[in-house]
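Structure first, then comments.
In the numbering used here, the protein residues as written are 249 to 556.
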């Protein structure tokens, strides 16, 4: 018989993951288990808002950081990421963004949401901007907040040519903005392009030159957007499954995993192998337990999957 205990544990592990990532960014916290991983601030903000009231202190300290360092956050990228996941109009995001907006000059997408009562603690401080995990912030400080910075950060970690469509999908900007940014960086001499059949592919011209500006690079650069999508959807699914019969929950487990096929591929992690429908839910629950534990602990085999 299924209970809510597994889901509660998973939410606690997601909060532990978020705490560790925010601590890397300068939020007042205790545990840092992700010093070797580059951090995606927009994905982290969305994950934290999704947790809602699970950990009020986490929510408030993250809000405090966003108010202070919001100049490094892209409102356009937030809107794109939220829209692609159908979260743009969600109450949990609206309240989080509205609270940041009400206490700062930032204009994050919040719709008609009202801010919660909030008083900034002003504890958040980036003490060391040279941490490898903060590479996204350093690139944005160099190139500005926008598609150009995300492209430089992405290609700095890639050892292969990448096409426009893939770059756009991975950085969270439209194909048009991405193509224009790639063209500008090529004009500046930072990138070169080659036409492969009917598409342009780009690469860094001088990696040493770029490294001089943005190093130290983290050991790993995870795809945080699909990670956030999978783990939030998974917690929500397991919550729904508590009210279903074992037979129905197992059938829906198979559909759930199949519908996230693109996200698993982007994350570079093997999805749960639900071969037998009868035990699909059980396999999914065990897979989730391993994955949530690995994410919270900063295990590279989980966080970056096959890239490790």
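Don't be surprised by glycine CBs; every beta carbon is placed ideally from N, CA and C.
- The bridge partners DSSP lists for residue 468 are 285.
- With distances taken between CA atoms, residue 477 lies nearest to 290 out of 254, 358, 290.
- For residue 439, the beta-bridge partners assigned by DSSP are 452.
- Across the structure, residue 380 and residue 386 are spaced so that their CA atoms are roughly 9 Å apart.
- Between residue 267 and residue 446, the alpha-carbon positions lie close to 44 Å from each other.
- DSSP places residue 259 in the uninterrupted alpha helix (DSSP H) bounded by 253 to 273.
- Assigned with DSSP and collapsed to three states, residue 536 falls in helix.
- Taking C-alpha positions only, residue 548 is separated from residue 541 by approximately 12 Å.
- Judged by beta-carbon spacing, residue 363 lies beyond the 8 Å limit of residue 326, meaning their Cβ atoms are not closer than that value.
- Burial is judged here by how many other beta carbons sit within 10 angstroms of a residue's own beta carbon; residue 272 has at least 16 and is buried.
- Counting every other CB atom within 10 Å of its CB across the protein chains shown gives residue 279 a total below 16, marking it as exposed.
- Beyond the five residues adjoining it in sequence on each side, residue 282 comes within less than 7 Å, by CB distance, of 268, 269, 272, 381, 546 in the same chain, given in chain order.
- According to DSSP, residue 315 shares a beta bridge with no other residue.
- Residue pairing from DSSP places residue 447 in a beta bridge opposite 444.
- By the CB criterion at 8 Å, residue 515 and residue 474 fall inside the cutoff.
- Only residues of its own chain outside the window of five on either side were considered, and among them 397, 400 have a CB closer than 8 Å to the CB of residue 391, listed in chain order.
- Take the alpha-carbon of residue 510 and the one of residue 502: they are about 15 Å apart.
- Listed in chain order, the non-local C-beta contacts of residue 416 below 7 Å within the same chain comprise 422, 423, 426, local neighbours out to five positions each way being set aside.
- With the rule of 3 Cβ pairs closer than 8 Å, the segment 345 to 352 counts as touching the segment 315 to 326.
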